[in-house]
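A short write-up of the structure that comes next.
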Amino acid sequence: NAGVTQTPKFQVLKTGQSMTLQCAQDMNHEYMSWYRQDPGMGLRLIHYSVGAGITDQGEVPNGYNVSRSTTEDFPLRLLSAAPSQTSVYFCASSYSIPPNTIYFGEGSWLTVV
Amino acid sequence: DAKTTQPNSMESNEEEPVHLPCNHSTISGTDYIHWYRQLPSQGPEYVIHGLTSNVNNRMASLAIAEDRKSSTLILHRATLRDAAVYYCILRPFASGTYKYIFGTGTRLKVLA
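Residue numbers (the working numbering), protein chains in the order written: chain A, 2 to 114; chain B, 1003 to 1114.
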């Protein structure tokens, strides 16, 4: 049972490049989400999904796109990377019924130069 | 969305109990109170949760105020490995509300 798997773990991008952070979970969780964490800061919600085909915006959605074509996968796309998107990104998943314990991936460290 | 308020940082001596407070004055009757912690360079991990009654597990205890507007995470004997950022969040029971807001949490420093 792998839990929540994120790839890549580390990535350096040039300003204006695009890329996709991959997230997969094998627990059949309905709910998945993406957070970013800037140095010394807490977690901020980017986008979330309550099931395949359903996504919604979180606190800081600008510059990011998501889609949920399957229950297992929830990729995060950076359309045109900016230095302000340098951060650590965490994917998370949970069941949609209480107590909704959240399981996090190990994080993806992204640097935009 | 219901919010939580936590102190930015706390210190504790090793082997002593630690009480981490959280205020959630706008909590609704169906919101679960969850605690997570984040060790350095790792993703957050689940610690404990509760609804109305106090809860214990192998990691910690959760004390919930009678009016549910505040809660306290209790680490009975802090160790150096408990040094982490602790997050208190509210998990709404009602379906359709899934914006789980973490905030900045409390950074716990454990002194040897």
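For glycine and all other residues, C-beta sits at the position ideal for the given N, C-alpha and C.
For residue 90 (chain A), the enclosing beta strand (DSSP E) begins and ends at 88-95.
Per DSSP, the continuous beta strand (DSSP E) segment holding residue 20 (chain A) begins and ends at 20-26. For residue 108 (chain A), at least one C-beta of chain B is nearer than 8 Å to its own C-beta.
Between residue 1075 (chain B) and residue 1033 (chain B), the C-beta gap is not smaller than 8 Å, which leaves the two residues out of contact.
Close partners of residue 42 (chain A) in chain B (Cβ separation under 7 Å): 1106. Ranked by Cα distance from residue 1109 (chain B), the first of B:1094, B:1101, B:1089 is B:1089.
Taken in chain order, the members of the stretch 1019-1036 of chain B whose beta-carbon sits within less than 8 Å of a beta-carbon on chain A are 1034, 1036. Contact of residue 1046 (chain B) with chain A is assigned, a C-beta pair being separated by under 8 Å. The Cβ neighbour count for residue 1006 (chain B), taken over all protein chains shown within 10 Å, is at least 16; the residue is labelled buried. Counting only residues of its own chain and dropping the five nearest sequence neighbours on each side, residue 1111 (chain B) has a CB closer than 8 Å to the CB of 1011, 1012, 1013, 1014, 1085.
In the structure shown, the three-state DSSP call for residue 70 (chain A) is coil. The beta carbon of residue 103 (chain A) sits closer than 8 Å to some beta carbon of chain B. Spatial neighbours of residue 104 (chain A) in its own chain (CB-CB distance under 8 Å, excluding positions within 5 residues in sequence) are listed in chain order as 4, 5, 26, 28, 30, 93, 94, 95.
For residue 44 (chain A), the uninterrupted beta strand (DSSP E) run begins and ends at 44-52, by DSSP.
Positions of the beta strand (DSSP E) runs, each at least 3 residues long and wholly inside the stretch 1040-1109 of chain B, are given as 1047-1052, 1063-1066, 1072-1077, 1086-1094 in order along the chain. For residue 1111 (chain B), the nearest beta carbon of chain A is not closer than 8 Å to its own beta carbon.
With its beta carbon less than 8 Å from one in chain A, residue 1093 (chain B) belongs to the interface. Listed along chain A, the residues sitting closer than 9 Å to residue 1051 (chain B) by beta-carbon distance are 99, 100, 101, 102. Within the same chain, 21, 23 come within 6 Å of residue 76 (chain A) by CB-CB distance, once the 5 residues on both sides are set aside.
Put simply, the CB of residue 1005 (chain B) is far from chain A, with every gap to its CB atoms at 8 Å or more. Cβ contact annotation for residue 1040 (chain B) (same chain, cutoff 6 Å, sequence separation greater than five): 1046, 1086, 1087, in chain order. For residue 1088 (chain B), none of the residues of chain A pass the 9 Å Cβ criterion, the least Cβ distance being about 11 Å. Contact between residue 71 (chain A) and residue 87 (chain A) does not hold, since their C-beta atoms are separated by about 29 Å, which reaches or exceeds 8 Å.
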